[in-house]
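Protein chains: 2
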Amino acid sequence: MHIPDATVARLPVYLRCLAMRTGTGTCSSEDLARTAGVNAAQVRKDLSLVGAQGVRGVGYEVNALRAEIRQALGLTHDFPVVIVGAGNLGRALASYGGFGEWGFSIAAILDVDARRIGGAIGGTTVQALTDLETVVDERDIEIGIIATPSSQAQAVGERLAAAGVRSILNFAPTVVRVDEAEVRVVDLSTELQILAYHLQKSALEQ
Amino acid sequence: MHIPDATVARLPVYLRCLAMRTGTGTCSSEDLARTAGVNAAQVRKDLSLVGAQGVRGVGYEVNALRAEIRQALGLTHDFPVVIVGAGNLGRALASYGGFGEWGFSIAAILDVDARRIGGAIGGTTVQALTDLETVVDERDIEIGIIATPSSQAQAVGERLAAAGVRSILNFAPTVVRVDEAEVRVVDLSTELQILAYHLQKSALEQ
Chain E
1 MHIPDATVAR LPVYLRCLAM RTGTGTCSSE DLARTAGVNA AQVRKDLSLV GAQGVRGVGY
61 EVNALRAEIR QALGLTHDFP VVIVGAGNLG RALASYGGFG EWGFSIAAIL DVDARRIGGA
121 IGGTTVQALT DLETVVDERD IEIGIIATPS SQAQAVGERL AAAGVRSILN FAPTVVRVDE
181 AEVRVVDLST ELQILAYHLQ KSALEQ
Chain A
1001 MHIPDATVAR LPVYLRCLAM RTGTGTCSSE DLARTAGVNA AQVRKDLSLV GAQGVRGVGY
1061 EVNALRAEIR QALGLTHDFP VVIVGAGNLG RALASYGGFG EWGFSIAAIL DVDARRIGGA
1121 IGGTTVQALT DLETVVDERD IEIGIIATPS SQAQAVGERL AAAGVRSILN FAPTVVRVDE
1181 AEVRVVDLST ELQILAYHLQ KSALEQ
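Okay, structure coming up:
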């Protein structure tokens, strides 16, 4: 079944809400709506698209709903990920506690800096960027994360795509365009800007 | 004028698209729509809420549009930010190139680890967490970033709120609830989950 992109973008948010509810038997669409910041009708519509039906007055069974969303998102097998860049951001991502839960494993970390190569980050040894093609091939890597300085991001994106990586997550604060792969941008300042708006609004209302 | 939350969430995305267009005189709603991943009618509706009117067949004047969005988001003055946690993630955020452009400055970085305190990250000296209340008061800090291990996040959130911080951005992969401040969560795995969905879908279509 085709799931609209806007719903796909909300499903991870519902999963995160459900992850906070370990031990709870059921949760209502109102609960999910409040935590996810949408309305309850939207939640019910989104969840019906993944085949989940709540019970009126009771809600959704938490474990079953998690399984259905994970299935819809394709999180039923392990995704090996390569991180390019072993600076602060690459190190932070490699040791980030939120990835493993969803089936993402850090298969390799690459860098160009000889002082970083050979060092270990969270159990993974940093390899030379020259190993990129070999690593992607041997480990069947389909997802790459760019955590390099902005100046290197485009070149790394092209190289990942040429090696066969089909999905790229770009954390460098710059544009990366490659035709052969889907590139998504994570701009760490977006949420700060939203906070700034709410700060300004509440200041005006006082 | 009240701007709906969904529009507020898209405005930073438009700003990011515009930032990629430095030097370009105008841009169309179709251009912005493609880069932001929404439809052009939505872009025009969002931009009319911030008072921007495009010219049919020409588009929006880039510099004027940036100024109008920045004004609407309240990005017209500098926001001092405190980062709690000087580990990999805190260091990455402190040296992230994407914040300064939007008027966010790292006023202070705090940690509990004596080996980190006194060290410099991007020109800012790491201070002891015991300085939190003093720093927030002296620097008029309204935005705090939690970049601690999950186990410390809730306690840090409560302390930030008690010190008078009204907006908190939580990067720890856990829930932080405080009544006195607005807390937004940045889950670094959300975009990975969306990528995984698209990978799975294209595999099924082949």
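Respectively, the protein sequence lines represent chains E and A. Going by this note's numbering, 110 is the number at position 110 of the first sequence; the sequence numbering is gapless. Position in the second sequence counted from 1, then plus 1000, gives you this note's numbering. Positions of the beta carbon are idealized from the N, C-alpha and C atoms, including for glycine. Since this is a predicted model, take the numbers as computed values, not measurements.
Spatial neighbours of residue i within its chain, please: C-beta separation below 7 Å, excluding the five flanking residues on both sides.
i        : result
A1052(A) : Y1060, L1065 and E1068
E133(E)  : A163
R1034(A) : none
Q1154(A) : V1176
V38(E)   : R10
V1013(A) : A1036
Y1197(A) : none
By alpha-carbon positions, which one of the options ends up nearest to residue i?
i        : options                                   : result
Q1152(A) : G1085(A), D1046(A) and T1076(A)           : G1085(A)
D78(E)   : F99(E), F171(E) and A114(E)               : F99(E)
S167(E)  : A114(E), E158(E) and W102(E)              : E158(E)
V156(E)  : V38(E), A107(E) and L129(E)               : L129(E)
G74(E)   : L11(E), A92(E) and L188(E)                : L11(E)
P80(E)   : H2(E), W102(E) and Y14(E)                 : W102(E)
K1045(A) : R1139(A), I1003(A), L1160(A) and V1062(A) : I1003(A)
R139(E)  : Q154(E), P149(E) and A107(E)              : A107(E)
N1063(A) : V1178(A), L1160(A), D1131(A) and L1018(A) : L1018(A)
G1097(A) : S150(E), S202(E), V13(E) and Y14(E)       : S150(E)
L1199(A) : S202(E), D131(E), T76(E) and Y14(E)       : T76(E)
T190(E)  : L1047(A), R1070(A) and S1048(A)           : R1070(A)
Does the Cβ-Cβ distance between residue i and residue j come in under 7 Å?
i        : j        : result
F221(E)  : L1195(A) : Examination of residue 221(E) is not possible in this model, given that chain E is present from 1 through 206 alone.
A172(E)  : G90(E)   : no
V1058(A) : T1007(A) : no
A1092(A) : N88(E)   : yes
D1113(A) : R16(E)   : no
L175(E)  : M1020(A) : With the sequence shown as reference, residue 175(E) is identified as Val, and Leu is not the correct amino acid for it. Their beta carbons are under 7 Å apart, which means V175(E) touches M1020(A) by this criterion.
A1040(A) : S1029(A) : yes
L32(E)   : V43(E)   : yes
Going by beta carbon distance, what residues of the same chain come within less than 6 Å of residue i, once the five residues before and after it are set aside?
i       : result
G122(E) : A94 and S95
Spatial neighbours of residue i within its chain, please: C-beta separation below 8 Å, excluding the five flanking residues on both sides.
i        : result
V1165(A) : V1082, V1136, I1141, E1142, I1143, G1144 and A1181
V126(E)  : A86, I109, L110, D111, R116, I117, G118, G119 and A120
R184(E)  : S167, I168, L169 and N170
A954(A)  : This structure leaves residue 954(A) out entirely; chain A is present only between 1001 and 1206.
I1131(A) : The question names Ile, yet the displayed sequence has Asp at residue 1131(A). So the list reads A1108 and L1110, once near-sequence residues are dropped.
Taking only runs that begin and end inside the stretch 1139-1174 of chain A, name each unbroken beta strand (DSSP E) of 3 or more residues, in chain order.
Along the stretch 1139-1174 of chain A, the beta strand (DSSP E) occurs as fully enclosed runs of 3 or more residues at 1143-1146 and 1167-1170, listed in sequence order.
Any C-beta of chain A within less than 7 Å: which residues of the stretch 76-102 of chain E qualify?
Hits within the stretch, in order: F79, N88, L89, R91, A92, L93, S95, Y96, G97, G98, F99 and W102.
Closer than 7 Å, Cβ to Cβ, to anything on chain E: give me those residues from the stretch 1177-1193 of chain A, in chain order.
Interface annotation for the stretch 1177-1193 of chain A against chain E: E1182, R1184, V1186, D1187, L1188, S1189, T1190, E1191, L1192 and Q1193, criterion Cβ-Cβ distance under 7 Å.
For the stretch 148-176 of chain E, list every residue whose C-beta sits within 9 Å of some C-beta in chain A, in sequence order.
Shown in chain order are the members of the stretch 148-176 of chain E whose Cβ falls below 9 Å from a Cβ of chain A: P149, S150, R166, S167, I168, L169, F171, A172, P173, T174 and V175.
Run through the stretch 1067-1101 of chain A for me and flag every whole beta strand (DSSP E) of 3 or more residues, listed as ranges in chain order.
Annotation note: the stretch 1067-1101 of chain A contains the following uninterrupted beta strand (DSSP E) runs of length 3 or greater, listed N- to C-terminal: 1079-1084.
Listed from N- to C-terminal order along the chain, which residues in the stretch 1135-1148 of chain A have their beta-carbon within a distance smaller than 7 Å of any beta-carbon of chain E?
Answer set for the stretch 1135-1148 of chain A: E1142 and I1143.
Listed in chain order, which residues of the stretch 111-123 of chain E have Cβ atoms closer than 9 Å to some Cβ of chain A?
For the stretch 111-123 of chain E, residues whose beta-carbon sits nearer than 9 Å to a beta-carbon of chain A comprise I121.
Contacting positions in the stretch 1035-1061 of chain A - beta carbon closer than 8 Å to chain E:
Those residues of the stretch 1035-1061 of chain A that come within reach of chain E (Cβ to Cβ, closer than 8 Å) are G1037.
Residues within the stretch 6-25 of chain E neighbouring chain A, beta-carbon criterion of under 8 Å:
Against chain A - using a Cβ distance shorter than 8 Å - the residues of the stretch 6-25 of chain E are V8, A9, L11, P12, V13, L15, R16 and M20.
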